[in-house]
Amino acid sequence: MKTGHERLRWLPAGAAMLIAAFAQAQVPSPPDYNLFGEDFAKQGVSISRSAVDASASVGPQTLIFQSDRRMHGELVGITPSEIIWRRPDASEPLRFPRATVRRIEIEPNAIGRVDADNRILMPPASLARQRKDLPAPPPGAVPATLKLAGGDWLFGNVTSADGQAYTIALDDRTPISLPRAQIEWLHFGESPASAIGTSGSPLDSERWAPFSTTMDVATGTITVRGTDWIGREIPDARRLEVALELPADGEEGTSLWFQPLEARANLLDSQGVGTAAIRFGQSQISHTLWVEKFEEQSAPLPKDTITTGGSVKYRVFYDGVAHRIVVRRNGQKVGDWKFVVRAEQEHPGGSPNQLIRAICLSRRIPGSPPSSIATLKFQQLRVRPWNGILPSEDNAELAHDRLAIGDAAALGGNLEAMGKTDLTFSGKSYARQPGTSLEFSNHPAPLADAEAKLILGQGELCARNLVIHDGALHCTTAFGAGVSLPLDALQTIAFASGKFELPTEPADVLVFKNGDELEGKALSATSGEVVRWRLAGGQEVAFQSRLIAGLHLAPGGEAKAVASGATVELRTGEALRGKLLSLDNRQLRMQHEQLGEVALDRKSLWHLYPSPQLPVLEGGWNPVTWMHRYRPEAADPTAGAKTSSSGDWVYLDGVYILRHIPAAESRGAELVSASNHWPNLQREIDPALERFEVRFEAKSPNPRLNRCLLLLFGGKTHRTWQMVITPEDVALGVYDPRTRRQGEFHHFPLDTKSVGVGSPLKVQFFMDSKAGTGELRLNGVQIFRFQPSEEDRRIAGDHPAKPTYTARIQSLPTEDSACVLSHVGVGPWSGELPGPSGMVNPVTVLDNGDVARSAPKDLHDGKFTLGDDMGEMAADKVTEVDFGGAMDSRHAAARVRLTDGSIVNIDEFKWNGRELTAHSGTLGNMRLPGSVVSELILDPRLPAAP
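So the sequence shown is residues 218 to 1163, counted in the numbering used here.
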């Protein structure tokens, strides 16, 4: 029997590549965007800031908590116990316990960033003017990469008067002094060289994909958690050496990957000339090299290399110039392979050099199921440049320094001095030139008990004792105490997670318009005034409301069980759940669990779903049940619906913004479509709904990058529909497991004039599962309508079971633009398609499929009086009542969502930390205990039109 992810492999390679092309890390939204409103610009890439005061940006830096929530602002202090953070909308600087903070991104101010061509960018002119007192680097000086202890390295202009004390001036001309004993090697070049190493700290997981990678360290062994592969991009390299030490229980099935495209550990998704994978084992070694196709080849290990117990040391030499890979195991050669044969044949004068841009480690035990996860373990990992000359010995201790110039063999001796343009080695002068490297006879120890990793534009340093004062970061590193770095030299400060655990008590969450979030306790909030908030550390702060989108309120006290009932939707976008009491020509009366008996003007009614068993699934109701990520250990992708992953999203009032996209995973050669692994919105549709509608809205700051996916998974008995929607076209794939037809993808180009494509994309899919029809509309315009053939109807007749569909909605953001999903809904459809104006005529749909072309006249004694001479009908036999007409899209001052899914617009409110008092134009005065309030939304977006 095929597993769930195997059933989805029918998708054509072109569609998979289309989706995979969007799998890039998402850039945090700028601090003054409003992602929860209606103010996206009609054209261009900017967002209108009418709802946010653009003159008071909250700050360019980003603080990321251990919970993965993030907040823009300005870093003003670090103490041994706290992070001090400033925002202009807060009454005082915010103080966060160090243990709650994962990272601080200082990227907008950082210098020394690398551009697309791997060149170091110089600091902005404004920063250079501020630092005129520092000398400029000498003309013609070739910078160098200094490899220090563990994973530490620096890149800049290196000098030494005596070969013992060294100074490195970073690109921002910040001088750092360090002794010779702290340097492993250096390599001259115009850009940084590959200088990866392990320091025996969980901080080694920084800058490795997937984003959620964590590493545990115990007794010298690093154990990777949450994934069976890791990958890291490196500066372009034609030749490099990877040294890897594996524990006895971590060797079998571990693979080392060299990737010319990106950090991804699979063959089909990242193939390119030069891709190579080497799989280690205790009795054999396997390799897969890109030639004309991928084909794994295995060979037994020489008998004299097979050992039992203890760790195993590998050295792997990748030569992209000679198209060769050499592998040594415990000092003995176990592999020597050539690759890219065809390229050599097609280029008789010499085949092109192969560049490597990423390395990966993965693990899969041979013979294990594709969905199983093997624990990836290693003890040491080092990556460094290599000049193509194989060393004669692996385990010999260096008695002297070694100087290698270009492709020549290394010279033994001692480095005596390093000037601005040359160096002195054993009494002889050599020019500093790219490609020259020096290996020192040193083995510096990494910093013990490191608290943080400092990521610079031109280096990485583990540090402890971090303190900020006088505009600089002061810390202790492996090469000394009292190291001082200006904040504008830093890109990221990543803190060790330690034993931090999320609070067991649910917290309120303050959601800002730009997607920032802050956990704590909502002490008070009043219409048009400040929100008083208690932080996790106990500090009480007041926030101005102008930048706040709303509040998630954690359940408090003992919430009563909500009785199931009918769902009523109003033309104002409000919704109520409860027991129907009566309906006449003036009003509908219902009993609500928290609001008591309410009367609704009949003219305000939009939809009525009388059956408690068939509620409309509105996207903001119980949001945690919507948000999912594919679980590799599950056999079926829809099984993820049982597990929430709300940490991937920022969400409020039915609006969902993806924080980041985890890199796609693979199980050896078994490719799972990348989209299966991305967080998505997902709900199962009741089989009793023979007609249903799936709708949502996708919008982006950049309309050209507004892309989304809608999938209806029909299981083993009915069609699966997949629609990739972009501003240019819609790609539709339909797969029917009953015929095993792997349907071709059909493309429907979009006429932007008629569809009005831009931002947002309003998506509606109408499904009649009994008739087998499906129709997609974008912005009200029909894109396609699927009609079954006679053969389809015959096959369907042989499978009379009602289908159970699962609807999956995904955004496909890029690193240039976020994608915001809103107005999400899955529910009954009357069968009446809206006209060009969006209006429909009144209809009443019965559970047997019959339709009355009018709304009920009244409801009494549990029965509707229907038009069209249909008489009376029990309320539980009515699926839906559509009252027709248009929507009343008035702006509300605020909106409250209750735990039962009810939505009420309010014009005044007061929250005192325990209960909400408010006034509603629909319901009048309300008084609600905090236990039934789910969200309080300020300045809410307009409701969705029918």
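The beta-carbon is built from N, C-alpha and C at its ideal position, and this holds for glycine as well. Note that the structure is predicted; figures quoted are calculated from it, not measured.
Check                                                                                                                                                               : Outcome
Of the residues Asp445, Pro419 and Glu423, which one's Cα is nearest the Cα of Asp433?                                                                              : Pro419
Using only alpha-carbon positions, find the residue among Ile400, Phe1100, Arg763 and Leu1076 that is nearest to Glu1089.                                           : Leu1076
Looking at C-alpha atoms only, which residue of Arg1107, Gln381 and Leu363 is the closest neighbour of Gly414?                                                      : Leu363
Using only the alpha-carbon positions, how far apart do Glu810 and Gly795 sit?                                                                                      : 7 Å
Let's see if you can read the secondary structure: which residues bound the beta strand (DSSP E) around Ile542?                                                     : Arg541 to Arg546
Note down the Cα distance separating Thr384 from Thr376, rounded to an integer number of angstroms.                                                                 : 5 Å
Roughly how many angstroms lie between the CA atoms of Arg541 and Ser701, to the nearest whole one?                                                                 : 44 Å
Determine the closest residue to Pro427 out of Ser579, Asn631 and Leu1145, with distance taken between C-alpha atoms.                                               : Ser579
Between which two residues does the beta strand (DSSP E) holding His188 run?                                                                                        : For residue 188 there is no data in the structure shown, the boundaries of the chain being 218 and 1163.
Quick check: the region 725-737 against the region 762-771, are at least 3 beta-carbon pairs closer than 8 Å?                                                       : yes
Should Arg826 be labelled buried (16 or more other beta-carbon atoms within 10 Å of its own) or exposed?                                                            : The identity of residue 826 in the sequence shown is Tyr, whereas the question assumes Arg. The residue is buried, with at least 16 neighbouring Cβ atoms inside 10 Å.
Straight-line CA distance for Val544 to Gln283?                                                                                                                     : 39 Å
Can you say whether Val1150 is buried or exposed, counting buried as having 16 or more other CB atoms within 10 angstroms of its CB?                                : buried
Just to confirm the assignment, what range does the beta strand (DSSP E) spanning Thr1061 have?                                                                     : Val1060 to Leu1063
Considering Val684, what are the terminal residues of the beta strand (DSSP E) in which it resides?                                                                 : Gly676 to His686
So, helix, strand or coil for Gln399, using DSSP?                                                                                                                   : helix
Does the pairing of the region 983-997 with the region 830-847 give three or more beta-carbon distances under 8 Å?                                                  : no
If you measure between the beta carbons of Ile573 and Gln476, is that distance less than 9 Å?                                                                       : yes
Rounded to whole angstroms, what is the Cα-Cα separation between Ala858 and Gln899?                                                                                 : With a pLDDT of only 35 at Ala858, under 50, the local geometry of the prediction cannot be trusted, and no value is derived from it.
Report the start-end ranges of each beta strand (DSSP E) in the region 1096-1159 that is 3 residues or longer and not cut off at the edges.                         : 1111-1115, 1120-1123, 1125-1128, 1132-1137, 1141-1146 and 1150-1155
I'd like to confirm the pairing. Which residues does DSSP put opposite Ser1071 in its beta bridges?                                                                 : Note: Ser1071 sits in no beta bridge, so no partner.
Could you tell me whether the Cβ atoms of Phe1126 and Val1041 are closer together than 9 Å?                                                                         : no
Which of helix, strand or coil does DSSP assign to Ala706?                                                                                                          : helix
Candidates Gln381, Ser408 and Thr391: which alpha carbon is nearest Ala398's?                                                                                       : Gln381
Under 8 Å by Cβ, that's how I've got Arg496 and Gly470 pegged, so tell me the actual separation to the nearest angstrom.                                            : 7 Å
Return the CA-CA distance between Gln501 and Leu518, expressed in angstroms with no decimal places.                                                                 : 5 Å
Taking the beta carbon of Arg1158 as the centre, do at least 16 other beta carbons fall within 10 Å, making it buried, or is it exposed?                            : buried
Is it right to say Val684 is buried, meaning 16 or more other beta carbons lie within 10 angstroms of its own, or is it exposed?                                    : exposed
Take Glu786 as the anchor and find which of Ser821, Arg303, Leu1155 and Pro602 has the nearest alpha-carbon.                                                        : Ser821
Mind checking who Pro1045 pairs with in its DSSP beta bridge?                                                                                                       : Phe909
Going by alpha carbons, who is nearest to Ser646 out of Leu311, Asp946 and Leu632?                                                                                  : Leu632
Compute the Euclidean distance between the alpha carbons of Asp536 and Gly644, then round it to the nearest angstrom.                                               : 32 Å
In its own chain, which residues sit with a C-beta less than 8 Å from the C-beta of Leu704, not counting the 5 before and 5 after it?                               : Leu292, Ile323, Asn326, Ile685, Gly688, Ala689 and Leu690
In chain order, what residues of the same chain have a beta carbon less than 6 Å from the beta carbon of Pro229, not counting five sequence neighbours either side? : A caution first: Pro229 carries a pLDDT of 37, below 50, which makes its placement in the model too unreliable to give a value.
Rounded to whole angstroms, how far is the Cβ of Leu1038 from the Cβ of Ala915, which I believe are closer than 8 Å?                                                : 6 Å
Please state if the CB of Leu457 and the CB of Val600 are separated by a distance shorter than 9 Å.                                                                 : yes
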